[in-house]
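So for the sequence shown, the numbering used here puts the first residue at 367; every next one is plus one.
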Amino acid sequence: MSEDTSMLAEQPQAQAPRASKSSIRKTDEFKMQPCSWSFHLFFWGFVALLRAAVGYQPHSGQDNYHGSLEKGAYGGDFEAQRHWMELTINLPVGDWYWYETGYWGLDYPPLTAYVSWICGWASYYIVGPESVALDLSRGIEDLNHKSFMRATVLVLDLLIYGRAVWYATYEGDRKSLWTILIALCQPAILLIDHGHFQYNTVALGLSISAFSQMVKINFSSCVWGGFFFAMALNFKQMTLYYAPVVFFYLLGRCTAGSRWRWFFPRILWLGGVVLLTFCVLWEPFVKYPPSNQTPIPNQLERLEHVVRRIFPFERGLFEGKVANLWCALNTSPLNIRDRIPTETQPLLAMFMTSVLMFPSCWKVLNVGLDDPSSVVTVRRHWVFMLWATTSCALSFFLASFQVHEKSILLAVGPCTLLFWEDPVFVEWFSLVSVWTLYPLFRVDRLQVAYWCVVVIFASMVWFRHISMGQKKIDTIFSDTSMLRKIPYLSYVGMIGLHAAQALIPTPSNLPDLYEVLWSVAGCGMFSIAWLATIIKLYYSSSSGPPTILKTKGD
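Here you go:
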């Protein structure tokens, strides 16, 4: 075995500190027997049934409805995903990113294109060739094809996101089981993926798999984590929201302790795997030229075209009424987008995002420098990784360029897995996140699904509080009387805006009044959430009973 290879496996074998008898008794109170097949059947059946029930509701752009009777580009994300299946199975790979970009042109990274190709052929054989006929199938929304499309989201959700959450979180006790249930019943994720229609859970599942691998003892797991994260980046470009934290944590792991002699071998292993993954996924789009372009673009021009499709900087600072800083500052009389030159806006967004994400990146760099040597330190790294990725995703959502309202799911994903660390914060942040998406759900006619899923989620959280019987809950919102009021004031404000919108007609001279109020209020609450994650990273200890987070098989 070479020195480089042995380096990946060689790690300190320090044992976890012996827990006191009282703490062992406290931990054992929550231990369970291994889950039986009947329990798995009930658990996953409930999770699948909830997703299927949401899937019976309208999807984005159904019947070409966009919140009014005005007609624009047909459909929405549902039609976009269907169209990508259509074009990938009918066109040579070199044409995928060049074909009629004005009609839902492919603008996601290569792994999404390959998944669309697989789903397209499945639709061809299961639903029929007419469901993916080139150009002729545009706007198809019959029941069979809609059911097939919903099924693809459900299957990929459970296989990738569900599996990742289970294996990263389940520890054989009721605590972890509640965390998994809360994660799989997140209202924002359910309504966006299974209502509005997207495949966000694939990217979230790959990201969670990456994080859980990176914090393990052996550095070889970090290499696997790098592979999974490269796959996530190549499925949905918005997973770049996690990239700074991932980079600095892995940099810390590469330089951990006094092992500077391992720095370059570790960097080479890690960078080599990530680079190879990108090369394999991107190679066809660089190698094969488009058939409809004259003159034929060279390989560099092909690569540049795909990158521009995925990152359209010309679209502007933001779209719609997203609950971030730029949209909130664009209200009258500030109108910040009109006051800042268009060419300066991306640089300003980059600067503000860097400022907001610096604390989380600095923290995980220092955490990574302390190699995990036991299950206790693995647990510590895991908790810090989740808080840091939540914080970094919020930084991008609040201040980065070209933010969509659905990107808040990137903060919701890792935050949900912190349910047992701070259940009050996770519950509050989950409800705030889905609340800020309500204007989008109104456009999609998902109001009934919205209220049903929110009530189910809130009931589950309430039942968890009752069943676990904890008298005192450790939360960021319990330090002062003012902090304790934040969740309650938020709930009152959110319900109040719902009531106002239902009872008070929108003024004719302010047609976007409620959307703006949603945006400004949501921005304020997300800013509080970002600050809370920083406080958790720097001023709260990551305590709790020892866990059995997987550290074997590296």
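Ideal Cβ positions, reconstructed from N, Cα and C, are used throughout, including at glycine.
message: With a threshold of 8 angstroms, are at least 3 pairs of Cβ atoms found where one atom belongs to the segment 806-823 and the other to the segment 571-589?
response: The answer is no - the segment 571-589 does not touch the segment 806-823, with fewer than three Cβ pairs under 8 angstroms.
- prompt: Taking the continuous alpha helix (DSSP H) assigned at residue 604, which residues delimit it?
  reply: It is not in any alpha helix (DSSP H) - residue 604 carries neither H nor E in the DSSP assignment.
- request: Give a yes or no on contact between the segment 685-703 and the segment 734-747, applying the rule of three or more CB pairs nearer than 8 angstroms.
  value: The segment 685-703 vs the segment 734-747: no contact.
message: Assuming contact is defined by CB atoms lying nearer than 8 angstroms, are residue 452 and residue 486 in contact in what I supplied?
response: Using a Cβ distance threshold of 8 angstroms, residue 452 and residue 486 count as a contacting pair.
- prompt: Who are residue 684's beta bridge partners in DSSP?
  reply: Beta-bridge pairing links residue 684 to 769.
message: What does the alpha-carbon distance come out to for the pair residue 812 and residue 423?
response: Rounded to whole angstroms, the gap between the alpha carbons of residue 812 and residue 423 is 7 angstroms.
- prompt: Among 889, 788 and 803, which residue has its Cα nearest to the Cα of residue 771?
  reply: Of the candidates 889, 788 and 803, 803 places its Cα closest to the Cα of residue 771.
task: In angstroms with no decimal places, state the Cα-to-Cα distance between residue 884 and residue 419.
output: Rounded to the nearest whole angstrom, the C-alpha separation of residue 884 and residue 419 is 27 angstroms.
Cut-off 6 angstroms between Cβ atoms - residues of its own chain near residue 461, not counting five sequence neighbours on either side: So the qualifying residues of the chain are 656 and 657.
- prompt: Can you find at least 3 beta carbon pairs, one from the segment 600-614 and one from the segment 758-765, that sit closer than 8 angstroms?
  reply: The segment 600-614 vs the segment 758-765: in contact.
field: Simplified DSSP state of residue 568, which is helix, strand or coil
entry: For residue 568, the three-state secondary structure derived from DSSP is helix.
query: What are the boundary residues of the alpha helix (DSSP H) that residue 443 is part of?
result: Residue 443 -> alpha helix (DSSP H) spans 443-456.
Under 8 angstroms between C-beta atoms of residue 856 and residue 794: Yes, Cβ-Cβ distance for residue 856 and residue 794 is below 8 angstroms.
message: DSSP three-state label for residue 383, please.
response: Confidence in residue 383 is poor, its pLDDT being 42 and thus under 50, which makes the residue's placement unreliable; the coordinate value appears in the next sentence. Of the three classes helix, strand and coil, the one that applies to residue 383 here is coil, per DSSP.
- prompt: Counting along the chain, where does the alpha helix (DSSP H) carrying residue 558 start and finish?
  reply: Judged by DSSP secondary structure, residue 558 falls outside any alpha helix (DSSP H); it is assigned neither H nor E.
message: I want to know whether the segment 631-640 touches the segment 582-601 - three or more CB-CB distances under 8 angstroms.
response: Segments in contact, yes.
- request: Kindly list the residues whose CB is nearer than 6 angstroms to the CB of residue 440, restricted to its own chain and excluding five residues on each side of it in sequence; keep chain order.
  value: Once the five neighbours on either side are set aside, the close Cβ partners of residue 440 are 430 and 505.
task: Consult DSSP for residue 490 and reduce its assignment to one of helix, strand or coil.
output: Looking at residue 490 - three-state DSSP - the assignment turns out to be helix.
task: Please name the residue, chosen from 791, 484 and 567, that lies closest to residue 520 on a Cα-to-Cα basis.
output: The shortest Cα separation from residue 520 among 791, 484 and 567 belongs to 567.
message: Please identify the residue among 629, 827 and 463 whose C-alpha is closest to the C-alpha of residue 735.
response: The option with the nearest alpha carbon to residue 735 is 629.
- prompt: Roughly how many angstroms lie between the CA atoms of residue 482 and residue 667, to the nearest whole one?
  reply: Residue 482 and residue 667 have their C-alpha atoms some 24 angstroms from each other.
- request: Give, in chain order, every unbroken run of the alpha helix (DSSP H) that is at least 4 residues long and sits entirely within the segment 690-714.
  value: As far as the segment 690-714 is concerned, its whole alpha helix (DSSP H) runs of at least 4 residues are 691-695 and 702-705.
field: Range of the contiguous alpha helix (DSSP H) that encloses residue 511
entry: That run of the alpha helix (DSSP H) goes 509-522.
Residue 810 CB to nearest heavy atom of the ligand GDP below 7 angstroms: Here there are no bound small molecules, and the ligand GDP is not part of this structure.
Alpha-carbon spacing of residue 421 relative to residue 889, whole angstroms: Each residue's alpha carbon lies about 29 angstroms from the other.
- prompt: Is residue 677 helix, strand or coil by DSSP?
  reply: Correct three-state label for residue 677: coil.
With 16 other Cβ atoms within 10 Å as the buried cut-off, status of residue 527: Residue 527 is classed as buried because its beta carbon has at least 16 other beta carbons within 10 Å across all chains shown.
- request: Apply the 10 Å Cβ neighbour rule to residue 704 and answer buried if 16 or more other Cβ atoms are within range, or exposed otherwise.
  value: Burial call: exposed.
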